[in-house]
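S.K.: The structure's right below; bear with me while I get my questions together.
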Amino acid sequence: MLPTNHSDLADLRRSTGSSGSDASGNVMAFIDVHDVDTLLRGGWVHAGPPTKDQLAHVQPARFMHHLHPSASTVRFHAGTPAESLAGRSLMVPCGQCLGGGSSVNFAMYSRGSASDFDDWETIHKNPGWGSKDLLPLMKKTETYQVKPDALNHGYAGPLKVSNGGIYTNVGQQYLDVATRFDTARKAGEDVNDLVSVNIYGRWQKWIDKETGKRSDVPHHFIYNQQETTPNLHIVTGVLVKRVLFDGNRATGVEYGWNLRHYPDQDNTLRPVHAKKLVVLSAGTFGSPGILERSGVGRKSVLEPLSIPPLVELDGVGESYQDHNVIFAPYLAAPEADTLDAVARNDTDSISALSGEWFKNGQGLMAHNGIDIGVKMRPNSVEELAEFGPEFKKRWDTYFERAPDKPVIWMGQVAIIADVKPMMWGYKMTREIARRMPLFEGEYAPMHPVFPPGSKAGILEGPPVPFDTPRVVYTEDDDKAIELYTRQFVSTAWHSLGTCAMKPREEGGVVDPRLNVYGLEGIKVCDISIAPSNVGANTYATALTIGEKAALILAEEFGIEGV
219 MLPTNHSDLA DLRRSTGSSG SDASGNVMAF IDVHDVDTLL RGGWVHAGPP
269 TKDQLAHVQP ARFMHHLHPS ASTVRFHAGT PAESLAGRSL MVPCGQCLGG
319 GSSVNFAMYS RGSASDFDDW ETIHKNPGWG SKDLLPLMKK TETYQVKPDA
369 LNHGYAGPLK VSNGGIYTNV GQQYLDVATR FDTARKAGED VNDLVSVNIY
419 GRWQKWIDKE TGKRSDVPHH FIYNQQETTP NLHIVTGVLV KRVLFDGNRA
469 TGVEYGWNLR HYPDQDNTLR PVHAKKLVVL SAGTFGSPGI LERSGVGRKS
519 VLEPLSIPPL VELDGVGESY QDHNVIFAPY LAAPEADTLD AVARNDTDSI
569 SALSGEWFKN GQGLMAHNGI DIGVKMRPNS VEELAEFGPE FKKRWDTYFE
619 RAPDKPVIWM GQVAIIADVK PMMWGYKMTR EIARRMPLFE GEYAPMHPVF
669 PPGSKAGILE GPPVPFDTPR VVYTEDDDKA IELYTRQFVS TAWHSLGTCA
719 MKPREEGGVV DPRLNVYGLE GIKVCDISIA PSNVGANTYA TALTIGEKAA
769 LILAEEFGIE GV
């Protein structure tokens with residue numbers, strides 16, 4: 219348990235995810251190693267269960283088990299049904315176990331473009347948050363095992379990056395066919411060097427090449443330091459209701475047991491006090507929620523809930539951003555390397571596949587099913603025209619000036635400019651898939667329902683000859699693809715932006731030092747502080763935020779060497 223005396227804890231952290239774990243691990247390690255202050259102790263309260271040495275977390279291929287509705291390691295957030303989504307409600311899962319998303323995500327190594335972070339510094343007025351300042355921190359977290367001396371990668375960090383334990387035959391075929399079919403783009407060695415776009419290549423993974431284990435935060439920043447860092451106190455399975463304040467200064471938090479994990483505990487709320495600082499790292503949904511329950515937020519949100527406003531801060535909980543995704547499945551030949559057995563939870567097959575993993579860290583269990591990727595942007599006037607005139611306006615004002623940005627245009631398909639890029643992507647990947655030798659047809663229930671007699675109708679297999687002309691889509695075919703997009707599009711679970719780091723008058727919640735506007739003794743350190751989106755999965759960005767926060771905290775605590 220955490221000590222509750224205010225003199226015992228200097229830094230109190232409420233965390234669900236990667237950024238807070240990274241910052242805690244870095245700062246607390248140096249506090250202990252350098253004996254800066256024997257009274258400076260860090261407390262860390264976490265909503266979910268521990269993950270230490272559990273196969274569900276360290277064995278990469280098991281990631282999909284955390285997406286099951288009954289999973290206890292993920293919290294599912296349901297959106298409001300929308301007409302633009304064919305009346306559906308989007309579901310957004312967020313990691314709720316020690317390490318957050320780093321313990322349950324797809325283990326995709328994916329980093330934003332340099333211009334994404336330069337926007338944070340220039341457009342959103344955050345000095346020290348541009349790519350030139352953040353790149354050393356990105357490199358600090360990783361050991362890049364794919365190739366020595368690669369551009370913009372690190373080689374001495376705690377988290378290992380590799381191609382995983384197998385190069386699947388599906389991946390090999392996809393890369394071969396894609397680069398021969400899509401002649402406007404080429405193959406390359408690195409799709410995540412911060413500058414390359416329109417390059418097909420092996421998609422790296424947060425997986426240790428030697429052990430085959432997931433490169434998560436808890437096992438590489440927290441668990442590995444617990445015995446040697448007595449100043450770090452962790453309690454899991456608790457939910458923070460609100461931050462405690464003395465005037466406008468944060469003095470601690472009020473928490474109770476998460477009855478989902480500890481059903482036999484009572485629901486009594488308990489205080490825990492912080493001597494110097496409270497840091498919220500509860501994620502895109504959690505951090506703004508805690509602030510609002512503490513009286514920090516938009517008055518029109520707080521008053522109907524009978525929460526007395528402490529500080530009116532209109533940006534809290536606003537500016538949510540994410541990525542859109544559609545999974546269009548295809549039937550594959552029996553000899554295809556797949557994770558079907560894991561998806562079906564076929565225990566006998568999983569046990570058989572795990573034999574190689576336990577022996578040498580290799581094989582499909584050291585894999586995430588994602589071998590090949592590309593960060594795309596329109597490569598010609600003709601391609602750009604296919605995205606439609608609505609998208610062209612966004613292109614002219616945002617994408618064209620930054621040639622390293624892949625196309626990301628968010629809004630959950632509320633307008634046609636959101637839909638057109640996804641329709642284009644469906645058509646392109648469909649052409650590649652139907653030419654792969656392992657292709658045995660399209661899985662009709664999760665593809666568009668084309669009009670009777672359409673030449674774009676579902677292909678049942680075998681693969682088409684490579685020189686087959688592209689499918690020509692009629693206006694009615696496009697309507698079918700648009701409806702399909704609205705029926706099947708989901709978020710990619712890359713939530714960010716709800717406690718944005720930008721000027722208060724522009725909807726910001728925290729300043730460049732991560733201080734919450736209008737308050738003292740409280741910071742936010744997680745992906746919610748991102749002021750604008752990045753062209754990547756969020757793990758690498760969350761790590762970078764954590765590393766930057768560690769520098770800020772170390773400077774304020776007078777700790778050298780972080």
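The numbering used here applies: residue 219 is where the sequence shown begins, and numbers increase by one.
Beta carbons: idealized from backbone N, C-alpha and C, even for Gly.
(1) Ignoring anything shorter than 3 residues or poking outside the region 488 to 566, list the beta strand (DSSP E) runs there in chain order.
(2) In chain order, what residues of the same chain lie with their CB nearer than 6 Å to the CB of Glu-574, ignoring the 5 residues before and after it?
(3) Output the boundary residues of the beta strand (DSSP E) element that contains Ala-468.
(4) With respect to the beta strand (DSSP E) encompassing Asp-464, which residues constitute its N-terminal and C-terminal limits?
(5) Distance check for Arg-722 and Val-529, CA to CA, integer angstroms please.
(6) What are the start and end residues of each continuous alpha helix (DSSP H) run of 4 or more residues lying completely inside the region 262 to 344, in chain order?
(7) Which same chain residues, not among the five before or five after Val-456, have their C-beta less than 8 Å away from its C-beta?
(8) By how many angstroms is the C-alpha of Ala-279 removed from the C-alpha of Gly-587?
(9) Assuming Pro-526 and Gly-513 make a contact with CB atoms under 8 Å, what is their CB distance in whole Å?
(10) When the cut-off is 7 Å and only beta carbons count, does Ser-672 lie next to chain B?
(11) Determine, using beta carbons only, whether His-712 and His-541 come nearer to each other than 7 Å.
(12) What did DSSP end up calling Ile-568 once you bin it into helix, strand or coil?
(13) Does DSSP put Lys-431 in a helix, in a strand, or in coil?
(14) Might you give, ordered along the chain, the residues of its own chain that have their beta carbon closer than 8 Å to the beta carbon of Gly-725, omitting 5 neighbours on each side?
(15) Need the endpoints of the beta strand (DSSP E) that Phe-657 sits in, please.
(16) What are the boundary residues of the beta strand (DSSP E) that includes Leu-377?
(17) By how many angstroms is the C-alpha of Lys-517 removed from the C-alpha of Gly-524?
(18) Per DSSP, what kind of secondary structure is Ser-708 in: helix, strand or coil?
(19) Nearest by alpha-carbon distance to Arg-478: which of Leu-487, Ser-290, Asp-622 is it?
(20) Going by beta-carbon coordinates alone, are Asp-622 and Ala-300 separated by less than 7 Å?
(21) Exposed or buried, which one is Arg-619 when buried takes at least 16 other CB atoms within 10 Å?
(22) Can you grab the Cα-Cα spacing for the pair Val-707 / Lys-645, in whole Å?
(23) What beta strand (DSSP E) runs, 3 residues minimum, are completely inside the region 639 to 704?
(24) Can you tell me where the beta strand (DSSP E) holding Gly-419 begins and where it ends?
(25) Between which two residues does the beta strand (DSSP E) holding Val-791 run?
(26) Tell me the rounded alpha-carbon separation between Gly-779 and Gln-539.
(27) Could you say if the region 559 to 567 and the region 676 to 683 meet the contact criterion of at least three C-beta pairs nearer than 8 Å?
(28) Mark Asp-271 as exposed unless 16 or more other C-beta atoms lie within 10 angstroms of its C-beta, in which case mark it buried.
(29) Measure the alpha-carbon distance for Pro-268 versus Ala-274 and round it to whole angstroms.
(30) With a cut-off of 8 Å on the beta carbons, I'd call Pro-669 and Ala-698 a contact; round off their distance for me.
(31) Pick out whichever of Cys-312, Ala-304, Val-276 has its Cα sitting closest to the Cα of His-286.
(32) Of all the options His-342, Val-276, Val-310, which has the alpha carbon lying nearest to the alpha carbon of Ile-747?
(33) So the alpha helix (DSSP H) Glu-765 belongs to, where does it begin and stop?
(34) Report back the beta-carbon spacing between Ile-417 and Val-592 to the nearest angstrom; my notes put them in contact at under 8 Å.
(35) Report yes if the C-beta distance between Trp-605 and Lys-638 is below 7 Å; otherwise report no.
M.R.: Taking the geometry as given:
(1) 488 to 491, 495 to 499, 548 to 550
(2) Gln-580, Gly-581
(3) 467 to 475
(4) 456 to 464
(5) 12 Å
(6) 273 to 276, 332 to 340
(7) Val-263, His-264, Ala-265, Tyr-473, Gly-474, Trp-475, Asn-476
(8) 8 Å
(9) 6 Å
(10) The structure shown contains no chain B; it is built from a single protein chain.
(11) yes
(12) helix
(13) coil
(14) Asp-532, Gly-533, Glu-536, Ser-537, Ala-718
(15) 657 to 660
(16) 377 to 379
(17) Inspection of the sequence shows that residue 524 is occupied by Ser rather than by Gly. Approximately 10 Å between the Cα atoms of the pair.
(18) strand
(19) Ser-290
(20) no
(21) exposed
(22) 15 Å
(23) 657 to 660
(24) 417 to 420
(25) Absent from the model: residue 791. The displayed extent of the chain is 219 to 780, so no value can be given.
(26) 35 Å
(27) no
(28) exposed
(29) 11 Å
(30) 7 Å
(31) Cys-312
(32) His-342
(33) 757 to 775
(34) 6 Å
(35) Note that residue 605 is Phe in the sequence shown here, rather than Trp. Yes, Cβ-Cβ distance for Phe-605 and Lys-638 is below 7 Å.
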